[in-house]
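Here the structure is laid out as structure tokens; the discussion comes afterwards.
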Amino acid sequence: MSDLVIDDEGLEELETRLRRVRTEFQNAEKGARHVADQVGHPGLADVVRRFGENWDVRREELIEELGGLVDVVQTIRETLDELDAELAASVPTGSDDSEDTDG
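In terms of the working numbering, the sequence shown has 4 at position 20, counting the first letter as 1, and numbering is strictly consecutive.
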């Protein structure tokens, strides 16, 4: 019989890192307008502004996707913990009180 080995610490670390990245994206400044005002050239300012607007939209999408990944990893960890507890409870302990010792 093969043993199933799950790296719970690795899953926990993955969840932590995903949360950290999501937080960084949430806290990132929307600074393209400020930068666009500083470049001194109207055409370049428009390009910087458009890039910033597109990045803001994409960043929000990434935040949402990262949140989904955090939820998936968290659910995997919880499910594996529950399964581990169920499997541990189903293992015979060797002290079966129902055995007949009189005979």
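Even for Gly, the Cβ is constructed at its ideal location relative to N, Cα and C. From a predicted model like this one, the values you see are computed outputs, not experimental measurements.
(request) Report buried or exposed for Gly87, applying the criterion of at least 16 other Cβ atoms within 10 angstroms of its Cβ. (result) Confidence at Gly87 is low in this model, with a pLDDT of 48, below 50, so the placement of that residue is unreliable and no value is reported for it.
(message) Once DSSP output is grouped into helix, strand and coil, what is the label at His18?
(response) Three-state DSSP puts His18 in a helix.
(message) Contact criterion: CB-CB distance below 8 Å. Does Pro76 meet it with respect to chain C?
(response) Of the protein chains in this structure there is only one, and it is not chain C.
(request) Using the Cα positions of Gly36 and Asp30, report the straight-line distance between them to the nearest angstrom. (result) Looking at the two C-alpha atoms, the distance is approximately 10 Å.
(request) If I'm right that Glu(-1) touches Val41 with Cβ under 8 Å, what's the distance once you round it to whole angstroms? (result) Cβ-Cβ separation between Glu(-1) and Val41: approximately 26 Å, too far for a contact (criterion under 8 Å).
(message) What does the Cβ neighbour count give for Asp(-13), buried or exposed, with the cut at 16 atoms within 10 Å?
(response) Exposed, since its Cβ has fewer than 16 Cβ neighbours within 10 Å.
(request) Could you tell me the distance, in whole angstroms, from the CA atom of Arg33 to the CA atom of Ala73? (result) Rounded to the nearest angstrom, the gap between the Cα atoms of Arg33 and Ala73 is 60 Å.
(request) Evaluate the contact criterion for the stretch -5 to 9 versus the stretch 43 to 57: three or more CB pairs, one atom per stretch, below 8 Å. (result) The stretch -5 to 9, when compared against the stretch 43 to 57, does touch it at the 8 Å Cβ threshold.
(message) Please classify Leu2 as buried or exposed, where buried requires at least 16 other C-beta atoms within 10 Å of its C-beta.
(response) The Cβ neighbour count for Leu2, taken over all protein chains shown within 10 Å, is at least 16; the residue is labelled buried.
(message) I need the straight-line Cα distance from Arg17 to Val57, nearest angstrom please.
(response) The straight-line gap from Cα to Cα measures roughly 36 Å.
(request) Below 6 Å CB to CB, which residues in the same chain sit around Arg43 once its five sequence neighbours on both sides are set aside? (result) Excluding sequence neighbours, Arg43 sits near Phe9.
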